[in-house]
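Enquirer: The structure is given below, and queries will be raised subsequently.
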Amino acid sequence: MSKSYRRLAAPALSLVAVLLTLFHSDTALAADQLNSGDTAWILTATALVLFMTLPGLALFYGGLVQSRNVLSVLMHCVAIACLMSVLWLIVGYSLSFTDGAGANQLIGGFSRLFLDGVGTDTLAGAIPENVFFSFQMTFAVITPALMVGAYVERIKFSAVLILSGLWLIVVYAPVTHWVWGGGWLADMGVMDFAGGLVVHATAGISSLVIVRALGARHGFPNDSAPPHNPGMVAMGACMLWVGWFGFNGGSALAADGSAGMALTVTHIAAATASLVWMMIEWKKYGKPSLVGLVTGTIAGLATITPASGFVGPLGALIIGVAAGFVCFKMVQIVKQAWKLDDSLDVFAVHGVGGSLGTLLVAFLCAPEFGGLGLPEGKTMWDAFGVQAIGLAATIGWSAVATYILVKITAGLTSGIRVREDDELEGLDITAHGETAYRLD
Amino acid sequence: MSKSYRRLAAPALSLVAVLLTLFHSDTALAADQLNSGDTAWILTATALVLFMTLPGLALFYGGLVQSRNVLSVLMHCVAIACLMSVLWLIVGYSLSFTDGAGANQLIGGFSRLFLDGVGTDTLAGAIPENVFFSFQMTFAVITPALMVGAYVERIKFSAVLILSGLWLIVVYAPVTHWVWGGGWLADMGVMDFAGGLVVHATAGISSLVIVRALGARHGFPNDSAPPHNPGMVAMGACMLWVGWFGFNGGSALAADGSAGMALTVTHIAAATASLVWMMIEWKKYGKPSLVGLVTGTIAGLATITPASGFVGPLGALIIGVAAGFVCFKMVQIVKQAWKLDDSLDVFAVHGVGGSLGTLLVAFLCAPEFGGLGLPEGKTMWDAFGVQAIGLAATIGWSAVATYILVKITAGLTSGIRVREDDELEGLDITAHGETAYRLD
Amino acid sequence: MSKSYRRLAAPALSLVAVLLTLFHSDTALAADQLNSGDTAWILTATALVLFMTLPGLALFYGGLVQSRNVLSVLMHCVAIACLMSVLWLIVGYSLSFTDGAGANQLIGGFSRLFLDGVGTDTLAGAIPENVFFSFQMTFAVITPALMVGAYVERIKFSAVLILSGLWLIVVYAPVTHWVWGGGWLADMGVMDFAGGLVVHATAGISSLVIVRALGARHGFPNDSAPPHNPGMVAMGACMLWVGWFGFNGGSALAADGSAGMALTVTHIAAATASLVWMMIEWKKYGKPSLVGLVTGTIAGLATITPASGFVGPLGALIIGVAAGFVCFKMVQIVKQAWKLDDSLDVFAVHGVGGSLGTLLVAFLCAPEFGGLGLPEGKTMWDAFGVQAIGLAATIGWSAVATYILVKITAGLTSGIRVREDDELEGLDITAHGETAYRLD
Amino acid sequence: MKFVMAVIKPHKLDAVREALGATGVEGMTVSEVKGYGRQRGQTEIYRGAEYQVHFLPKVKVEIAVADDKVAQVVEAIQTSANTGKIGDGKVFVYNMDSAVRIRTGEQDNDAL
Amino acid sequence: MKFVMAVIKPHKLDAVREALGATGVEGMTVSEVKGYGRQRGQTEIYRGAEYQVHFLPKVKVEIAVADDKVAQVVEAIQTSANTGKIGDGKVFVYNMDSAVRIRTGEQDNDAL
Amino acid sequence: MKFVMAVIKPHKLDAVREALGATGVEGMTVSEVKGYGRQRGQTEIYRGAEYQVHFLPKVKVEIAVADDKVAQVVEAIQTSANTGKIGDGKVFVYNMDSAVRIRTGEQDNDAL
Ligand SMILES: Nc1ncnc2c1ncn2[C@@H]1O[C@H](COP(=O)(O)OP(=O)(O)O)[C@@H](O)[C@H]1O
Ligand SMILES: Nc1ncnc2c1ncn2[C@@H]1O[C@H](COP(=O)(O)OP(=O)(O)O)[C@@H](O)[C@H]1O
Ligand SMILES: Nc1ncnc2c1ncn2[C@@H]1O[C@H](COP(=O)(O)OP(=O)(O)O)[C@@H](O)[C@H]1O
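Protein chains in written order, with numbering that gives the first Met the number 0: chain A, 0 to 439; chain B, 0 to 439; chain C, 0 to 439; chain D, 0 to 111; chain E, 0 to 111; chain F, 0 to 111.
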C-alpha cells in the first residue's frame with residue numbers, strides 16, 4: 000500500500016475508521032496484513048452490489064414503466080454501469096479516495112488514475128486495494144443508475160450517458176471524498192456508514208433537479224400508465240434486498256460482528272418498512288399492493304443505509320417505521336402537491352430515505368436506543384449538528400452542480416428530451432430499435 | 000457471548016456440535032475466537048438463503064399458478080419474509096436458541112428477545128452471534144413461505160399473515176429448539192443437518208392440514224389450469240438451487256471441508272433427482288418437461304437437506320434417486336388418491352422429501368455407504384430409531400398445532416377462504432388491486 | 000490430501016501454481032493448511048459460477064430464441080447442468096485432475112472416480128478438495144451449456160444429452176487435463192487463467208462443427224425471427240456478469256489480491272467491450288440496442304477470461320476494446336460470409352473471444368502493458384508461441400473429436416434434428432409438451 | 000350462414016364452450032379482448048397514484064354457423080355466459096356470404 | 000344495426016374512446032392486432048442481422064351501433080384517430096343482424 | 000366490398016402474406032387467436048396432472064377487398080395456408096358496407 004494512501008486511510012474511511020477502532024479491535028489491522036476472510040467477504044460483497052444494479056435495479060425500474068419503454072430502462076442501467084466503471088478506473092476512484100494535497104478538504108488527487116501503482120499486493124487495511132477499488136466501483140455504478148427512475152420514458156439516451164458521466168465526476172466523486180475519502184465532512188466526523196449522503200441523498204436531490212428541467216411525461220398526472228409488470232418490480236426489489244447485504248454489510252470492510260450487525264439491522268429495517276407501507280395502503284385504499292410492499296422495502300433499505308453500522312436492532316425497527324411513513328407521504332407530496340413527475344420516486348424514496356437515516360442516526364446510534372455508541376465526549380446533538388451540516392452541504396452541492404450539468408448536457412444533445420412522437424411510440428423502438436415482448 | 004448461550008451451544012447445535020468435534024478440529028473453535036473466513040461464508044450463506052425465498056421461491060411458485068394470481072403469490076412470499084423477520088427478532092430466535100430453563104427440553108427462553116445482550120463482539124462459536132441470528136432468520140423466513148404453495152389462488156391475504164405468524168411461534172420455534180436449540184431431540188442425538196425436520200417436514204405436513212381445512216381450488220382436479228409461466232418456474236428453481244448451497248453449506252457454520260462436502264452432496268442429489276424425474280416422465284408420458292425436471296431438483300434438494308452434513312457423494316446419488324422416485328409417486332397419490340389440492344405439491348415434495356432424507360441418513364451416514372460415520376458406539380438402527388422418533392414427533396406436533404392455528408385464524412378472519420367471485424376473478428386484482436401483465 | 004494429488008498439484012494447476020508462488024506468498028500455502036478465508040471465497044465462487052448457468056445462461060439464450068422454443072432452451076441448460084454434474088463426479092473430475100501415470104501428458108487417471116478417497120479433511124492447496132471439485136464442476140457444467148446457443152430451435156433433446164455427455168469426457172476432460180491438470184500444455188507453461196482455452200475455445204469451435212452437421216434453422220438467414228424477449232436476454236447477461244466474478248476471481252483459488260485483480264480486470268473488460276459494441280451499432284445502424292450492448296458484455300467477459308489473472312487494468316481496457324471490435328465483426332462473418340446458423344453466436348462470441356484473449360495475454364501480461372509479468376527468462380514471443388500451440392491443439396482436438404461425436408450421436412438418435420413439422424410448431428410443445436406463456 | 004360474435008367474461012369461456020358443444024357446434028375461434036361498457040373499469044393504485052383502467056379483460060368468441068342453428072347458438076351462449084352481473088357481455092350476429100375449409104376446399108355449410 | 004370496426008394507432012386509443020363517448024357510444028370492444036399496409040414494417044437489427052418486421056402494432060376497436068348513429072361514429076373515429084401520417088388505419092362498417100345483451104336478454108338496439 | 004376473415008396456422012402467416020401480396024392486396028390486419036375445432040387440443044402434463052388444453056394457437060387474418068378481388072383472395076389464402084393436415088383453418092367472407100381511410104378520409108374501394 001502506497002504511503003500516500005495509508006496516510007489517508009485513517010481519516011478517509013471515516014466511518015470505517017471509527018468502527019474499526021471501536022468494534023473491530025479483535026482483527027489484526029495494525030500490521031496491515033491481508034485477512035483472507037475479510038477479503039473473501041468484500042469480494043462477495045462486490046458481486047452482491049453489482050447484482051443490485053445488474054439486474055436488480057434494472058428490473059425494479061423496468062417493471063414500473065410501460066411495456067414500450069422497458070428495454071430503454073434496462074439499457075440505461077446497463078450502459079450506465081459500463082460507463083461509470085470505466086470512468087471510475089480512469090479518474091473517479093483517484094478523485095474520491097486519494098490525497099488531494101492542498102485541495103484535500105474538497106477533492107482527492109490524481110495519484111491513482113488508472114489504478115496506477117496498485118499491484119496485487121497493495122493493501123487497503125486488511126484487504127487488497129484492488130478489492131476496495133472494485134467494491135467502491137459498484138457504489139459508483141449504482142448511484143447514477145438510481146437516477147434513471149426520475150427521467151424514464153422521455154429522455155434521450157445520449158443525454159443519459161453524458162449527464163451520468165459528468166455527474167460521477169462533478170457530484171459523486173467530491174461528495175465521496177468529503178465523506179469517505181478524508182475530506183472536510185470526514186474530518187468533522189460525519190456518520191455515513193454505507194451511503195445515505197454519498198449515494199441516496201446525492202441521487203435523490205439530483206433527480207428532482209433533472210425532472211424540473213426535463214418536464215413530465217405525456218399524460219402526467221391524470222393519464223399515466225400503471226406499471227406494466229409488477230412481478231418484475233418485485234423480482235428486482237428482492238434482488239436489491241439481497242444485494243443490499245453486500246452494500247451495507249460490506250461497508251464494514253471486514254467479516255466480523257460489525258458486518259453482521261450491519262446486515263442484521265439492514266434486514267430488519269427493510270422488513271419493517273415494507274410492513275408499514277403495506278399497512279398504510281391497506282388502511283387507506285382497502286388493498287395492500289405488491290408494488291407498495293416492495294417500495295416500502297426499498298425505502299427501508301435506503302433509510303437504514305447511513306445508519307447501518309451504528310445502530311442496533313431496536314434502532315432498525317424505529318428506522319423502518321419512520322421510513323415507511325415518511326417516504327409514503329413524500330411520494331404523494333412530490334406528485335400531488337409539487338406536481339413533479341419524478342417518475343419512479345427516486346427523490347421520495349432514496350433522497351428522503353437517505354436523508355432521514357442520516358439525521359436519525361445521530362440519535363439512534365446512542366446506546367440508549369440500542370446503538371453502538373458515539374465517540375467519547377460527543378452528545379447526540381453534537382452529532383446531529385454534524386449530520387445536518389453534511390446533509391445540507393450534500394444537497395446544496397448536488398442541486399447546484401446537477402443544475403449546471405443538465406444545462407451542459409442539453410447543449411451537447413440539443414435538448415435532453417426526445418420528440419413527442421418518439422415518446423408516444425416508445426423509446427424501445429425509437430431509440431433502440433427493439434421490441435420487448437414477442438410472446439406469441 | 001453470554002454465558003447462558005455458551006452453555007447451550009454444545010447440545011443446542013447438536014448437528015453442528017457433532018460435526019465440529021468430529022470433522023472440524025483443525026479450526027480453532029475452543030478459544031471462542033472470531034474466524035473471519037467462517038464469518039465471511041456465513042454472511043454469504045445468509046444472503047444466499049434469503050435469495051432462495053426472495054425471489055427464488057416466489058418465482059418458482061408464481062410461475063406455477065394462473066396469471067391472475069401470480070402477484071398474490073409473490074405478495075405472500077415477500078410479506079411472509081417481512082413478518083417472520085420481525086417476529087424472529089422479537090421472540091422467535093430467543094424461543095428457538097436460548098436456554099429454556101425448566102422447559103428447555105421443549106422450548107427456549109426469553110433472554111434474547113429483540114436480540115437483547117448481543118453486541119458486535121458477541122460470538123456464537125467462531126462467528127458473531129448476530130451472523131448466526133441472521134442466518135437462522137433466513138430459515139425462519141423460508142419455512143412458512145414454503146407453505147404458500149399449498150394454499151395459493153384461494154386464501155385470504157389476512158389469513159396468510161396471521162397463520163404464518165402464529166405458526167412461526169407455535170410450530171417452528173419449538174421444533175427448532177428440539178432439534179437445534181438444545182431440546183429433547185438434540186439430547187437424543189437426532190441428525191438434521193439443515194432442516195429436514197425443522198424446515199421441510201414441518202412445512203410439508205402443515206400444508207396438508209391447511210389444505211384440508213381450506214378446500215380445493217375451483218375446478219380441481221379436472222379443470223385446473225396449467226402453470227402460466229414454466230420459464231418463471233425454472234428461473235425460481237435455479238435460484239433455489241444456487242441458494243441451497245448457502246442453506247446446506249452454511250449449516251456447517253464454517254468455511255471448511257464439512258461445508259464443502261455439504262455443498263457437494265447437495266448438488267449431486269439435486270442433479271440426480273432431476274434426471275430421475277425427467278426419465279420417469281419421458282418413459283411414462285413420452286415427453287420430459289421442464290416443470291418436471293426442476294420439480295425433481297427441488298425434491299432432491301429437500302431430501303438431501305437433513306443428510307447433507309453426514310453423507311458422502313455415494314449417499315447423495317442414492318438420495319437423489321430415492322427422492323426422484325418417491326416424490327414423483329407422492330405427487331400423484333396426494334392429488335389422485337387423496338384428492339387433496341395441495342396446489343404446488345408442498346407435502347409431496349418438501350414434506351415427503353424432508354422425511355425421506357431424515358430416515359435415510361441413519362443408514363447413509365455410515366462409512367459403508369461413503370458417509371461420514373455415526374458417533375462411536377451407535378448402530379444404524381439406533382440412529383434410525385432416533386430419526387423415526389424425531390420425525391413422528393415433528394409430524395405429530397406440526398399437524399395438531401397447525402390444525403388449531405387454522406381454526407384460530409379462521410375465527411379471526413371470518414373464514415380463511417376468499418369469496419368464489421374473487422377466486423374466479425383472481426386474487427391479483429381482488430385482493431391487491433393489481434394486474435400482472437400489461438405487455439402491449 | 001492424498002499424496003498422488005499433491006504430487007500433481009504443482010504442475011497441474013499451472014496457472015494457479017504460477018500465481019501462487021508469484022503473488023500469493025503471504026498466505027500459508029506450503030503447510031497445506033486449510034485457509035478458511037480462501038475456502039469461504041471458493042465456496043461462494045462455486046455458487047456464483049453455478050448461477051451463471053442456472054439461470055444466467057439459460058435466460059440469456061432463452062430470450063434470444065422464439066417464444067415457442069424458450070422452454071426447450073431452458074430445458075437444455077438445466078438438463079445439461081444435471082447430467083454433467085453426475086458425470087463429473089463419476090469420471091470427469093478424475094480424468095481431468097488426477098495423475099494419468101504413463102498417459103499423464105494427455106489425460107488423467109481413475110483415482111478419483113466418485114471422489115474416491117476425498118474426505119472432509121482432504122485438501123487441495125489451502126482449500127478442501129471437495130470445494131475444488133465443486134468449483135471445477137461448475138465449469139464442467141457451463142462449458143457444454145454454452146454450446147446450446149449453436150443448436151437451439153431444431154435439435155432433438157436426446158441428442159443434446161448424449162452429445163453433451165460424450166463431449167464432456169472426450170473433449171472437455173482431456174483439454175482440462177492438458178491445461179490445468181498437469182498435462183503437456185501445463186508443462187509448456189501455457190497461460191489460461193480461467194478457461195479461454197478450456198472453456199471458450201473448446202465450446203466455440205465445437206459449436207461450429209455441430210452447426211455444420213445440423214444445418215440451419217428453417218428460414219435462415221432471411222426469415223429468421225428476432226429475439227422474443229430482449230429483457231430476458233439482458234437479465235441473463237447481468238447474471239452472467241455477476242457470476243463471472245466467481246468464474247475468474249475464483250480461479251485464483253484464494254481470497255487475495257490476485258483474486259481481486261482478476262475480478263477488477265474482468266469487470267473493466269466487460270464494461271469496455273459493452274461500450275465498444277454499443278458505439279459500433281450506434282454508428283453503423285443509427286441506434287444502439289440492448290441486445291448488442293449485452294452481447295458486448297459477454298464478448299468482453301469471454302475474452303478476458305484466459306488473461307484475467309495475468310493482466311492489469313490497462314490490459315483489461317485493451318482486451319475490452321479488442322473484444323468489442325473483433326467479436327462484432329465475427330458475428331457478421333459467420334452468418335453472412337460463412338452462412339452458418341450458429342444461432343446465438345457461440346463461436347463468434349465465445350470461441351473467438353476466448354481465442355483472442357488467449358493470444359493477447361502473451362503480450363498484455365508484460366509489465367510494459369501493466370501486466371503482472373512473465374516468468375523469468377521468458378519473452379513475449381516465447382509466451383505467444385506457447386499460447387498459439389495451445390490454441391491450435393485445443394481447436395484441432397475439439398473439432399475432430401466433436402465431428403466424430405456428432406456422428407455417433409446421430410447414429411444413436413437416428414438423426415440429431417427434429418422433424419420439420421416439430422421445428423415449425425416449436426420444441427416447447429413438441430419435445431416437452433409445455434407452453435411458455437399463458438399470460439391472459 | 001351466419002357469423003356469431005360474443006363478448007363474454009373470461010372465466011365463462013369453459014361454460015360457453017361446453018354449452019356450444021351441446022348444440023353441436025364443432026368449431027370456434029377465441030381471442031382476448033378488452034371491453035368498455037356500463038361496467039366501469041377498475042381503479043388501480045400504485046404508490047399513491049390512481050390509475051383509471053378503462054378497459055376490462057373480456058373474451059371474444061366467434062362462431063360461424065348454418066342459418067338454422069343461429070337461434071340455438073345464441074341461446075346457448077346467453078344462458079351459459081350469464082352471471083346476472085353487469086359486464087356479462089353481448090352477442091352479435093351478422094350475415095356471412097361464404098366459408099371455405101382450407102384443408103379440403105369444402106364450401107359453405109360443409110366448411111363449418 | 001351496424002357494426003363498426005376500426006384499426007388505429009395504439010396511442011390513439013384514449014382519444015378515440017373519448018370521442019366516441021362524446022357521441023353517446025357506451026360500449027366497445029378493443030383488441031391488440033398487428034397491421035400490414037402502406038406503412039412499411041420496421042427493420043430491427045440484432046447482432047448485426049436484420050430482421051424485417053412486417054407487422055406493426057395496431058389496436059382494433061369494435062362498436063355495434065344503431066343505424067342512425069353510424070355516420071357520427073365513423074366521423075368521430077376518423078377525426079380523433081387522425082395524425083395525418085401514414086398508418087393511421089381504417090374504419091370498416093358492416094351490417095349486423097341482431098344483438099343480445101347476455102345479462103338481461105335485451106335485444107338489438109336495446110342491447111347496445 | 001367484402002371482408003375476408005381467415006383463421007390459419009401460425010407458421011403459415013408469412014406464406015399467406017406473400018400470397019396475398021401477389022394478388023395485389025396491400026393491407027391486412029392480423030391477430031393472435033385460439034382455435035377450437037376438429038383438431039383436438041393438446042394435453043399437457045405438469046407434475047403428473049393432465050391438463051386438457053382445448054384451444055390451439057391460431058392466427059386470424061382480416062382483409063377488406065373490393066368485390067372483384069374476393070375470389071382471388073380466398074383462393075390465395077386457401078392455397079398458401081394449406082398443409083393438408085387437420086386444423087388448417089377456415090376462410091369466411093362477409094359483405095361490407097363501407098370503408099374509410101382515417102388519414103385521408105378516402106372512402107370505400109379507395110380506402111383499401
Ligand atoms: N356497443 C358495443 N359494441 C361492441 N362491444 C360492446 C358494446 N357494448 C358493450 N360491448 C362489450 O360488452 C362488454 C360488456 O358490456 P357492459 O356494458 O359493461 O355490460 P353488460 O354486458 O352487462 O351490458 C363490454 O366490456 C364490451 O366488451
Ligand atoms: N385491406 C385491408 N384490410 C384490413 N386491414 C387493413 C387493410 N388495409 C390496411 N389495413 C389496416 O390498416 C392499417 C393502416 O394501413 P396503412 O396502409 O399502413 O396506412 P393508412 O391507414 O395510412 O392507409 C394497417 O396496418 C392494417 O392494420
Ligand atoms: N364454426 C367455426 N367458427 C369459427 N371458427 C371456426 C369454426 N370451425 C373452425 N374454426 C376455426 O378453424 C380452426 C381449424 O378448424 P378444425 O376443425 O380444427 O380443422 P380444419 O380446419 O382442418 O377443419 C379452428 O381451430 C378454429 O379456430
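The beta-carbon is built from N, C-alpha and C at its ideal position, and this holds for glycine as well.
Owing to the predicted nature of the structure, the values given are computational and were not obtained by experimental measurement.
Apply the 10 Å Cβ neighbour rule to lysine 11 of chain D and answer buried if 16 or more other Cβ atoms are within range, or exposed otherwise.
Expert: By the 10 Å Cβ count, lysine 11 of chain D comes out buried.
Enquirer: On the criterion of 16 or more Cβ atoms from any shown chain inside 10 Å, does tryptophan 87 of chain B qualify as buried, or is it exposed?
Expert: Result: buried.
Enquirer: Measure from the alpha carbon of isoleucine 79 of chain B to the alpha carbon of each residue in B:Gly62, B:Tyr92, B:Thr137, then state which is nearest.
Expert: Checked all of B:Gly62, B:Tyr92, B:Thr137; the closest Cα to isoleucine 79 of chain B is B:Thr137.
Enquirer: Relative to chain F, which residues along the segment 77 to 96 of chain D have a C-beta separation below 7 Å, given in chain order?
Expert: Answer set for the segment 77 to 96 of chain D: Tyr93, Asn94, Met95, Asp96.
Enquirer: Tell me whether alanine 65 of chain E, by its Cβ, gets closer than 7 Å to a heavy atom of ligand 1.
Expert: Every heavy atom of ligand 1 is 7 Å or more from the Cβ of alanine 65 of chain E, so no.
Enquirer: List the endpoints of the continuous beta strand (DSSP E) containing arginine 100 of chain E.
Expert: Unbroken beta strand (DSSP E) run through arginine 100 of chain E: 97 to 100.
Enquirer: Between histidine 431 of chain C and leucine 438 of chain A, which are expected to be in contact by the criterion C-beta below 8 Å, what is the C-beta distance as a whole number of angstroms?
Expert: Actually they do not touch by this definition, with Cβ atoms about 17 Å apart.
Enquirer: Compute the distance between the beta-carbons of glutamate 31 of chain D and valine 3 of chain D, then report whether it is under 8 Å.
Expert: No, these two residues do not count as a Cβ contact at 8 Å.
Enquirer: State yes or no: is the beta carbon of tyrosine 436 of chain C nearer than 8 Å to at least one beta carbon in chain A?
Expert: Chain A, which has a Cβ nearer than 8 Å to the Cβ of tyrosine 436 of chain C, makes this yes.
Enquirer: State the DSSP-derived secondary structure class of alanine 9 of chain C, mapped to helix, strand or coil.
Expert: The predicted position of alanine 9 of chain C is uncertain, since its pLDDT is 31 and thus under 50; a value taken from the coordinates is nonetheless stated next. Alanine 9 of chain C falls in the helix class under three-state DSSP.
Enquirer: Can you name the residues of chain D whose CB is closer than 7 Å to the CB of glutamine 68 of chain F?
Expert: Note on identity: in this sequence residue 68 of chain F is lysine, with glutamine being the wrong assignment. What lysine 68 of chain F touches in chain D: nothing, since even the nearest Cβ is about 14 Å away.
Enquirer: Could you pull the start and end residues of the alpha helix (DSSP H) that threonine 38 of chain C belongs to?
Expert: 35 to 50 is the extent of the alpha helix (DSSP H) around threonine 38 of chain C.
Enquirer: Grouping DSSP H, G and I as helix and E and B as strand, with all else coil, what is alanine 251 of chain B?
Expert: Three-state DSSP puts alanine 251 of chain B in coil, outside helix and strand.
Enquirer: Looking at C-alpha atoms only, which residue of B:Val360, B:Leu426, B:Leu355, B:Gly369 is the closest neighbour of isoleucine 394 of chain B?
Expert: Considering only alpha carbons, the answer is B:Leu355.
Enquirer: Does ligand 1 have a heavy atom nearer than 7 Å to the CB of isoleucine 297 of chain C?
Expert: For ligand 1, not one heavy atom lies less than 7 Å from the Cβ of isoleucine 297 of chain C.
Enquirer: For threonine 43 of chain A and leucine 55 of chain F, what's the separation of their Cα atoms in angstroms?
Expert: When rounded, the distance between both Cα atoms is 47 Å.
Enquirer: Is it true that the segment 19 to 35 of chain D meets the segment 396 to 416 of chain C, where meeting means three or more beta-carbon pairs spaced less than 8 Å apart?
Expert: No, the segment 19 to 35 of chain D does not touch the segment 396 to 416 of chain C.
Enquirer: Find the nearest neighbour of alanine 272 of chain A within the set B:Thr52, B:Val85, B:Leu73, B:Ile41, judged by alpha-carbon distance.
Expert: Ranking the options by Cα distance to alanine 272 of chain A, first place goes to B:Val85.
Enquirer: Whose C-alpha, out of E:Glu17, E:Glu25, E:Ala5, E:Arg16, is nearest the C-alpha of glycine 88 of chain D?
Expert: Ranking the options by Cα distance to glycine 88 of chain D, first place goes to E:Glu25.
Enquirer: Let me make sure I understand the geometry here. Which of A:Ser307, A:Ala268, A:Pro225, A:Gly203 has the alpha-carbon closest to that of methionine 329 of chain A?
Expert: With distances taken between Cα atoms, methionine 329 of chain A lies closest to A:Gly203.
Enquirer: Using a Cβ-based criterion (distance less than 7 Å to any ligand heavy atom), does glutamate 61 of chain D qualify as near ligand 3?
Expert: Glutamate 61 of chain D: yes, Cβ under 7 Å from ligand 3.
Enquirer: Run through the segment 265 to 338 of chain B for me and flag every whole alpha helix (DSSP H) of 4 or more residues, listed as ranges in chain order.
Expert: Within the segment 265 to 338 of chain B, the complete alpha helix (DSSP H) runs of at least 4 residues are 289 to 303, 312 to 331.
Enquirer: Could you compute how far the alpha carbon of methionine 459 of chain A sits from the alpha carbon of isoleucine 126 of chain B?
Expert: Since the first residue shown for chain A is 0 and the last is 439, residue 459 of chain A is missing from the structure and cannot be characterised.
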